[in-house]
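> Residue numbers (UniProt numbering): 1 to 484. Every residue gets a Cβ at the ideal spot worked out from N, C-alpha and C, and that includes glycine.
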Amino acid sequence: MLHYSNWLIDVKNRASLRNASKTSSSTDWNNRGNAAGMQNKNPQPKEKTAHLWKKGYKVIKKIGEGTFSEVLKTQSLKDGKFYACKTMKQRINSLEQANNLREVQAMRRLSPHANIIQLHDLIFDKESGTVSLICELMEMNIYEHIQGRQTPLHDQTVKNYMYQLLKALEHMHSCGIFHRDVKPENILIKHNILKLGDFGSCRSVYSKPPHTEYISTRWYRAPECLLTDGYYSLKMDIWSAGCVFFEIMSLNPLFPGTNELDQVAKIHQVLGTPDQSVLKKFKQSRAMHFNFPPKKGTGISWLLPNCPAPALSLLYQTLAYDPDERIAAETALRHTYFREIRMAEKKAEPLHRLLEPFDGVGGPVIQAPLTQIYRPSRFVKHLRGRHIRQTPLMSHNSKHVADSLNRRNGPRPLELPQINMAVLGQRASFPGSALSDFPFTHGGTLPAITPKSQPQSTKTQGESRCTAFKSRYMPPLDRKHGGT
1 MLHYSNWLID VKNRASLRNA SKTSSSTDWN NRGNAAGMQN KNPQPKEKTA
51 HLWKKGYKVI KKIGEGTFSE VLKTQSLKDG KFYACKTMKQ RINSLEQANN
101 LREVQAMRRL SPHANIIQLH DLIFDKESGT VSLICELMEM NIYEHIQGRQ
151 TPLHDQTVKN YMYQLLKALE HMHSCGIFHR DVKPENILIK HNILKLGDFG
201 SCRSVYSKPP HTEYISTRWY RAPECLLTDG YYSLKMDIWS AGCVFFEIMS
251 LNPLFPGTNE LDQVAKIHQV LGTPDQSVLK KFKQSRAMHF NFPPKKGTGI
301 SWLLPNCPAP ALSLLYQTLA YDPDERIAAE TALRHTYFRE IRMAEKKAEP
351 LHRLLEPFDG VGGPVIQAPL TQIYRPSRFV KHLRGRHIRQ TPLMSHNSKH
401 VADSLNRRNG PRPLELPQIN MAVLGQRASF PGSALSDFPF THGGTLPAIT
451 PKSQPQSTKT QGESRCTAFK SRYMPPLDRK HGGT
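1) Taking the straight line between their C-alpha atoms, what separation do you get for Q118 and E136?
2) How is K296 classed by DSSP in three states: helix, strand or coil?
3) On the DSSP letters alone, give me the boundaries of the alpha helix (DSSP H) that Q156 sits inside.
4) Which residues does DSSP pair with S132 in a beta bridge?
5) Specify, as a first and last residue, the run of the beta strand (DSSP E) that Y143 falls within.
6) Roughly how far, in whole angstroms, is the beta-carbon of K183 from the beta-carbon of V264, given that I think they are within contact range, below 8 Å?
7) Within its chain, find whatever has a CB closer than 7 Å to the CB of S111; leave out the 5 residues flanking it on each side and keep chain order.
8) For the beta strand (DSSP E) that S69 lies in, which residues bound it at each end?
9) Can you tell me whether DSSP reads S250 as helix, strand or coil?
10) Spatial neighbours of residue 551 within its chain, please: C-beta separation below 6 Å, excluding the five flanking residues on both sides.
11) Can you say whether E185 is buried or exposed, counting buried as having 16 or more other CB atoms within 10 angstroms of its CB?
12) With distances taken between CB atoms, is the gap from H173 to A329 smaller than 7 Å?
13) Any heavy atom of the ligand SAH closer than 6 Å to the Cβ of V131?
14) Going by alpha carbons, who is nearest to A168 out of W53, K89, F199?
15) If D229 sits next to R286, beta carbons under 8 Å apart, how far is it from one beta carbon to the other, in whole angstroms?
16) Hey, R180 and S201: beta-carbon distance below 7 Å or not?
17) Near Y163, what residues of its chain come up, given a Cβ to Cβ distance below 6 Å and the 5 sequence neighbours on each side ignored?
18) Could you tell me if L414 is buried or exposed, where buried requires 16 or more neighbouring beta carbons within 10 angstroms of its beta carbon?
19) For S128, which of G56, V158, I142, S94 has the nearest alpha-carbon?
20) Are three or more beta carbon pairs between the segment 264-276 and the segment 289-297 nearer than 8 Å?
21) So, helix, strand or coil for K195, using DSSP?
22) On the three-state DSSP scale, how would you describe S240?
23) For G242, which residues from the same chain have a beta carbon less than 7 Å from its beta carbon, with the 5 sequence-adjacent residues on both sides left out?
24) K78 and L133: beta carbons closer than 7 Å?
25) Does DSSP put Y57 in a helix, in a strand, or in coil?
26) Tell me L188's beta-bridge partners as DSSP assigns them.
27) For L333 and H51, I'd like the C-alpha separation in whole angstroms.
28) Label E139 either buried or exposed according to how many other C-beta atoms from any shown protein chain fall within 10 Å of its C-beta, with 16 as the threshold for buried.
29) Run the CB neighbour count on G297, radius 10 Å, all protein chains shown included, and call it buried at 16 or more, exposed below.
30) Thinking C-alpha only, which one of E224, M249, S250, Y231 is nearest W239?
31) Does the beta-carbon distance from Y232 to V278 come in below 7 Å?
32) Restricting to runs no shorter than 4 residues, where is the alpha helix (DSSP H) found entirely within the segment 274-335?
33) Excluding sequence positions up to five away, which residues of its chain have a Cβ less than 8 Å from the Cβ of H268?
34) DSSP three-state label for K346, please.
35) In angstroms, rounded to a whole number, what distance separates the CA positions of L142 and Y161?
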C-alpha cells in the first residue's frame, strides 16, 4: 500500500509518457489571464488568413490562442455581422476529414440550443489544409467576467448562470455526449446569456472505458479522473460544474492544485478522505494501489459562510466524491435552489408559445433570463389585458390572443351576449305526440295540461306567456314510445 509520496512518483513517471501540451491549462492562477490578454495583439499574418477572405470573412483581431487552435474575431463581408473564427492548427487533408472532426459533429448534433455555442459555417482550405469554425461571437468568458472583481456577483446572477450551465450539460448528456473540459474559460456569456463552448475534448457516453487519462483541466478534474486509469463517465462534467459554481460565488478556484498529488490533497482538505468503499471502486480501476490517511475536511460551508442553504446543498451534491452518488444534470435542474426560475419558466410558457410561430431561426425568441422577464405584478396585468402594447406583429397575427386576454376581466354585470341560432329546417314536432310547448311559469303557477283530443289551435294561458321564447326551437327528439 502506497501513500502520497510513492503515489507521486508513479504519477510523475506516467506524466513523462503523455503529451505535455495536453494539459496546457495546468498553469498557476496568474497565467490563466494570458489568453484574455491576447485580444489586444495583432491578428495573424495575411497569408495565414487568406482562406477566410476568399470565403467572405475579414479578420478583425485575435481573441485568444490555445494548444490546438486560435480564435479570431471576424466580420462577414455579406451581412456585416461579427463572428468568432476558431482555426485548427492540425492539418486536415480533405473536407470529409474536416466534417468528421469530433468537435464539428458534436456542435452540429447539439444545435440548436439556447445554451450551446452555435456553428455558423465550416471553412476548409485545401491548399493549406486549414479548417476554421465560424461560430457566434460572445462578449467574454466567465473567467474574464470574475477576474479582478472586488465584490461577488449577485446571488440571482449566480443562480441564472448555473441554471443555464446545467441546461447545457443536461442537453449534452441527453444527446449522448459529455464535454470533459468544463471550466470558466469555456463558458461564454453575452447579455446575461450563458453558452457552453469548446467541444474539442467531448466524447460519446456510449464509448467504453478506459478513456484518455489526462483530460480536463486539473483544477476541475473529478476524483475518478485522478485516481483511475481512465474509468470515468459523464458525471465528471457535474464535478467540474460544481467547481465552477464555487468559483463564481467566491471569485476564487476551489481546488487549485499544482500537480496531481496536490490536486487530490486539496480535495481531501475540503471534503475529507472518502469512505473505503469508494476507494475500493477506484482501486479496481487502477493498475496500482493507493491509500490515504483518514482526514476530515474543513467543509465548503467554512469557505462560504454566507452561502444560502439551497445553494450549499446543490454544491455538495455536485461535488460528491463517488460519481455514482453525484447528482445528474437533469436532477440538479429540479433542485430547490432553482425553484424561482422554474416557476418563471412555467409562467412564461404561454408567451413562448405565442412567439414561437414568428421565430425564423428555430431557437428561443426570448434571450434574456426568465427571472428578468417575469415580474409577477406585470405578468398578472398582462394576463388581465392591461398595458398590452400592440406591436404590428401582434395586431396583425395575434389579435385573437389579445382579445382573449381582455375577456379575462370577468363577466360584465349588465350585459349578456346575444345568441344567434340558425334554424336549418322547418319546425318538427315529436313523432306521435301532440304535446304543447312547456311554458315558463312565475309565481308558483303550474301550467295547464292540454288534453290529447283538443285541437292544436287552442292556446293555454301558459303558452301566451312564453310567446317571446317561440323564436328558439329545440331539435326534434326521437321518442321510441310516443309522446304519451
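This is what the structure gives:
1) Position 118 of the sequence shown holds residue 118. Position 136 of the sequence shown holds residue 136. C-alpha separation (whole angstroms): 6 Å.
2) Locating residue 296 in the sequence shown gives position 296, counting from the first residue. Coil.
3) The count along the sequence shown starts at 1 and reaches residue 156 at position 156. Unbroken alpha helix (DSSP H) run through Q156: 155-174.
4) Locating residue 132 in the sequence shown gives position 132, counting from the first residue. DSSP output for S132 lists T87, I123 as bridge partner(s).
5) As a position in the sequence shown, residue 143 is number 143, starting the count at 1. Careful: Y143 lies outside any beta strand (DSSP E), inside the alpha helix (DSSP H) at 142-146.
6) Taking the sequence shown and counting its residues from 1, one reaches residue 183 at position 183. Taking the sequence shown and counting its residues from 1, one reaches residue 264 at position 264. Their Cβ separation, rounded to whole angstroms, is 18 Å, which puts K183 and V264 out of contact at 8 Å.
7) Start at 1 with the first residue of the sequence shown, and residue 111 comes out as number 111. Once the five neighbours on either side are set aside, the close Cβ partners of S111 are Q118, L119.
8) Within the sequence shown, numbered from 1, the residue matching residue 69 stands at position 69. 69-76 is the extent of the beta strand (DSSP E) around S69.
9) Taking the sequence shown and counting its residues from 1, the one referred to as residue 250 is at position 250. S250 falls in the helix class under three-state DSSP.
10) This structure cannot settle anything about residue 551, because the visible part of the chain is limited to 1 through 484.
11) Here residue 185 is taken as the residue at index 185 of the sequence shown, counted from 1. Per the 10 Å Cβ criterion, buried.
12) Working through the sequence shown from its first residue, we reach residue 173 at position 173. Working through the sequence shown from its first residue, we reach residue 329 at position 329. Their beta carbons are under 7 Å apart, which means H173 touches A329 by this criterion.
13) Of the ligands one can find in the structure shown there are none, so the ligand SAH has no counterpart to examine.
14) As a position in the sequence shown, residue 168 is number 168, starting the count at 1. For the residues W53, K89, F199, the minimum Cα distance to A168 belongs to F199.
15) Translated into positions along the sequence shown, residue 229 becomes position 229. Translated into positions along the sequence shown, residue 286 becomes position 286. Confirmed, Cβ separation roughly 5 Å.
16) Here residue 180 refers to the residue found at position 180 of the sequence shown. Here residue 201 refers to the residue found at position 201 of the sequence shown. In contact: R180 and S201 (Cβ atoms closer than 7 Å).
17) Mapped onto the sequence shown, residue 163 falls at position 163. The residues are F338, I341.
18) For this step, residue 414 is matched to residue 414 along the sequence shown. Low confidence applies here, because L414 scores a pLDDT of 45, under 50, leaving its location unreliable and the question unanswered by this model.
19) Start at 1 with the first residue of the sequence shown, and residue 128 comes out as number 128. For S128, the nearest C-alpha among the options comes from S94.
20) yes
21) As a working mapping, residue 195 is identified with position 195 in the sequence shown. Here K195 sits in strand by DSSP.
22) Here residue 240 refers to the residue found at position 240 of the sequence shown. In the structure shown, the three-state DSSP call for S240 is helix.
23) Taking the sequence shown and counting its residues from 1, the one referred to as residue 242 is at position 242. Here the set comprises L315, T318, L319.
24) Stepping through the sequence shown from its first residue, residue 78 is reached at position 78. Stepping through the sequence shown from its first residue, residue 133 is reached at position 133. No, the pair does not count as a contact, with Cβ atoms beyond the cut-off.
25) Sequence index remark: in the sequence shown, residue 57 carries index 57 (1-based). Strand.
26) Taking the sequence shown and counting its residues from 1, the one referred to as residue 188 is at position 188. Bridge partners of L188: N141, K195.
27) Taking the first residue of the sequence shown as 1, we reach residue 333 at position 333. Taking the first residue of the sequence shown as 1, we reach residue 51 at position 51. Their Cα atoms are separated by approximately 43 Å.
28) For the purposes of this step, residue 139 is taken as residue 139 along the sequence shown, with counting starting at 1. By the 10 Å Cβ count, E139 comes out exposed.
29) The residue given as residue 297 occupies position 297 in the sequence shown. It counts as exposed.
30) Along the sequence shown, one-based indexing puts residue 239 at 239. The shortest Cα separation from W239 among E224, M249, S250, Y231 belongs to E224.
31) The residue labelled residue 232 in the question sits at position 232 within the sequence shown. The residue labelled residue 278 in the question sits at position 278 within the sequence shown. Not closer than 7 Å, so no.
32) Listed in chain order, the complete alpha helix (DSSP H) runs (minimum 4 residues) inside the segment 274-335 are 276-284, 300-303, 309-318, 329-332.
33) Sequence index remark: in the sequence shown, residue 268 carries index 268 (1-based). Within the same chain, H268 has close Cβ partners F292, K295, G297.
34) The residue you call residue 346 lines up with position 346 of the sequence shown. DSSP places K346 in helix when its eight states are reduced to three.
35) For this step, residue 142 is matched to residue 142 along the sequence shown. For this step, residue 161 is matched to residue 161 along the sequence shown. The sequence given here places Ile at residue 142; Leu does not occur at that position. Straight-line Cα distance between these residues: approximately 9 Å.
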